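Asks:
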Amino acid sequence: MAQARILIVDDEPDIREMLKDILEDEGYVCATAANGGAAGELRASFHPDLILLDVWMPDIDGISLLRDWRDAGVLEQSTVVMISGHGTLETAVEATRLGAWDFIEKPLSIAKLLLTVGNALEAHRLRCRQAMPKPAMDEARLPLGKHPAVQELRAQAERLAGLATPLMIQGKPGSGRRSLARWLYQHGPQAAMPFIEVEPEAVSNEDWFDFLAGDEALPGAFRQTATGGVVYIEEVQNLPPGAQRWIAGVLEKGRLNTAAGEHLWQGRLMTATSSDPAALVRSGAFDESLHLVLQAGALRLPGLSEHLDDIPDIVRHYAETIPGREHLTYRPFATAALNYLRQYRWPGDLRELINLVRRLLIGGGEGEIGLAEVREALQAMSQHAALPAAAGELYRLPLRDARERFETDYLRYHLDDCGGSVSLLAARVGMERTHLYRKLKALGIEPRRGDAGDRVK
329 MAQARILIVD DEPDIREMLK DILEDEGYVC ATAANGGAAG ELRASFHPDL ILLDVWMPDI
389 DGISLLRDWR DAGVLEQSTV VMISGHGTLE TAVEATRLGA WDFIEKPLSI AKLLLTVGNA
449 LEAHRLRCRQ AMPKPAMDEA RLPLGKHPAV QELRAQAERL AGLATPLMIQ GKPGSGRRSL
509 ARWLYQHGPQ AAMPFIEVEP EAVSNEDWFD FLAGDEALPG AFRQTATGGV VYIEEVQNLP
569 PGAQRWIAGV LEKGRLNTAA GEHLWQGRLM TATSSDPAAL VRSGAFDESL HLVLQAGALR
629 LPGLSEHLDD IPDIVRHYAE TIPGREHLTY RPFATAALNY LRQYRWPGDL RELINLVRRL
689 LIGGGEGEIG LAEVREALQA MSQHAALPAA AGELYRLPLR DARERFETDY LRYHLDDCGG
749 SVSLLAARVG MERTHLYRKL KALGIEPRRG DAGDRVK
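Numbering (the numbering used here), first residue to last: 329 to 785.
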């Protein structure tokens, strides 16, 4: 687990060692330098997150060294806190002007030191996170359409965007839940902060606390947004029950408990579900306390089948916007093709519509996109997405049960083919052996053959 790295620069050996001992006791990784020259060499090799820099040193004073580091761009990689036993207001002002994060005086108070170091490292982490290149995001938008249900949703979204209220978006898979969440994020008070997505399928019953909370050195999703930002969770009901209860507690108290202690949580939670939340609570699949917190900001996203008269306008919108984003040739849709699409039921919802438009534009051709071309494309997409008949029962199960059954059948099949060897199975399925042992044990699968080292403990 990564630990914060601190470089201590002071010409007094006792001060250097005292600071090193105190900070290492707090779990930080420390290095020390007695002068500016040694500090420069260590900084380049040690890559500190934080530098504690003394003002008075024999070869070069700390203010001059700070100025040199600022001009060289060093302060983009490391945060600096100045230390001085002869501090003046003018020195503190100059240090701050040159880019120092804070200024503390000797004799050092341990409580003041640790508070300043903690705050400086928090600021450093936040700055580094904001400087990271953002991944390409789906189009952030409100749903399109003139239907009353769509217009009501747009009005609700505009009211909720400026708040920090937790919310839940109910809608079919493919209906644009993530795009709506991103629109709310971009038009809300957290827009300059991180947008962290959590996939419940990646959160195991054993590791959910580390995944969501983490600690100072390796923060989870909620720790990353402690000072502001959005955590977005699709199909939130698929989180482990313990994770659901923990999130409800964070929202109710506004406090975040991690392995490193308790913190104020100033982020915003956005969630989505394709099911009826109240029915999920009744079935025991969704924590009631979390549902109660989220229902105050409930949004229902209508499926395309509920406002079919809007289909022609929606198709035209994507036929006009996709070519510019993806360097495709624009082609209009014939009236007959639009009328046909208005009668289609859209089982894959908005995602299916966008993929259809993209497929037709990629296919090339000239002139209007006609009815025959649309029918042919829909038929091809339907055949490609058809589910195997033998899997019909699997697809009628709740997601958690379906995933467990598939994993059980999949691992048993390959384990049998590997002669019962977990080592061979791990290589075949691309899992680390320790994780595979844990998975096999959770699914109740015992290798039938193999050496003793291959048995699930």
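Where a beta carbon is used, it is the ideal one built from N, C-alpha and C, also for glycine. Since we're looking at a predicted model, the values are computed, not measured.
1) Quick check on the DSSP output: the alpha helix (DSSP H) that includes LEU394 runs from which residue to which?
2) Measuring straight from C-alpha to C-alpha, what distance separates ILE650 and LEU706?
3) Let me know if LYS440 comes out buried or exposed under the rule of 16 or more other beta-carbons within 10 Å of its beta-carbon.
4) With 16 as the cutoff for other CB atoms within 10 Å, does TYR738 come out buried or exposed?
5) Tell me, please, whether the region 357 to 369 touches the region 338 to 348 by the rule of three or more beta-carbon pairs shorter than 8 Å.
6) Which two residues bound the contiguous alpha helix (DSSP H) that contains ALA346?
7) Quick check: the region 658 to 670 against the region 482 to 494, are at least 3 beta-carbon pairs closer than 8 Å?
8) Quick one: is ARG596 buried, meaning 16 or more other Cβ sit within 10 Å of its Cβ, or exposed?
9) Do you know how far the Cα of THR493 is from the Cα of GLY548?
10) Could you pull the start and end residues of the beta strand (DSSP E) that GLU562 belongs to?
11) Pull up the distance between the alpha-carbon of GLY816 and that of ARG487, whole angstroms please.
12) When you compare each of LEU632, GLY692, ARG731, ARG673 to PRO471 by their alpha carbons, which one comes out closest?
13) Any beta-carbon of chain D closer than 7 Å to the one on ARG425?
14) Using three-state DSSP, classify ARG333 as helix, strand or coil.
15) Can you give the beta carbon distance from HIS742 to ARG756, rounded, assuming they're within the 8 Å contact cut?
16) Could you give the first and the last residue of the continuous beta strand (DSSP E) run that contains ASN585?
17) With a threshold of 16 other CB atoms inside 10 Å of the CB of ASN566, please say whether the residue is buried or exposed.
18) So for ALA541, helix, strand or coil by DSSP?
19) Count the other C-beta atoms from every protein chain shown that fall within 10 angstroms of the C-beta of SER611, then say buried if there are 16 or more, exposed otherwise.
20) Does the region 524 to 542 come within contact of the region 561 to 576, defined as at least 3 CB pairs closer than 8 Å?
21) Could you have a look at SER603 and say whether DSSP puts it in helix, strand or coil?
22) Going by DSSP, what residue range makes up the beta strand (DSSP E) through HIS437?
Replies: The answer reads as follows:
1) Looking up residue 394 in the sequence shown gives position 66. Start and end: 390 to 399.
2) Here residue 650 refers to the residue found at position 322 of the sequence shown. Here residue 706 refers to the residue found at position 378 of the sequence shown. Roughly 18 Å between the two C-alpha positions.
3) If you number the sequence shown from 1, residue 440 lands on position 112. Exposed.
4) Sequence index remark: in the sequence shown, residue 738 carries index 410 (1-based). Classified as exposed, TYR738 has fewer than 16 neighbouring CB atoms from the shown chains inside 10 Å of its CB.
5) yes
6) Within the sequence shown, numbered from 1, the residue matching residue 346 stands at position 18. Contrary to the premise, residue 346 reads as Met rather than Ala in this sequence. Counting along the chain, the alpha helix (DSSP H) containing MET346 begins and ends at 341 to 353.
7) no
8) Here the question's residue 596 lines up with position 268 in the sequence shown. When all chains shown are included, ARG596 counts as buried.
9) Within the sequence shown, numbered from 1, the residue matching residue 548 stands at position 220. Within the sequence shown, numbered from 1, the residue matching residue 493 stands at position 165. One C-alpha to the other measures close to 21 Å.
10) For the purposes of this step, residue 562 is taken as the residue at position 234 of the sequence shown. Where GLU562 is concerned, the enclosing beta strand (DSSP E) stretches over 558 to 562.
11) The question about residue 816 has no answer here: the residues shown for the chain are numbered 329 through 785.
12) Numbered from 1 along the sequence shown, position 143 holds the residue referred to as residue 471. Here the closest residue by C-alpha is LEU632.
13) You won't find chain D in this structure, because it holds only one protein chain.
14) For this step, residue 333 is matched to residue 5 along the sequence shown. Strand at ARG333.
15) Position 414 of the sequence shown holds residue 742. Position 428 of the sequence shown holds residue 756. Rounded, the Cβ-Cβ distance is 6 Å, consistent with contact.
16) Position 257 of the sequence shown, counted from the start, is the residue given in the question as residue 585. Segment 583 to 586, the beta strand (DSSP E) holding ASN585.
17) Numbered from 1 along the sequence shown, position 238 holds the residue referred to as residue 566. Result: buried.
18) Locating residue 541 in the sequence shown gives position 213, counting from the first residue. Coil, per DSSP.
19) In the sequence shown, counting from the first residue as 1, residue 611 sits at position 283. So SER611 ends up on the exposed side.
20) yes
21) Along the sequence shown, one-based indexing puts residue 603 at 275. Residue state, collapsed to three classes: coil.
22) Within the sequence shown, numbered from 1, the residue matching residue 437 stands at position 109. In the sequence as presented, His is not what sits at residue 437; that position holds Ser. Here SER437 belongs to no beta strand (DSSP E), and DSSP marks it neither H nor E.
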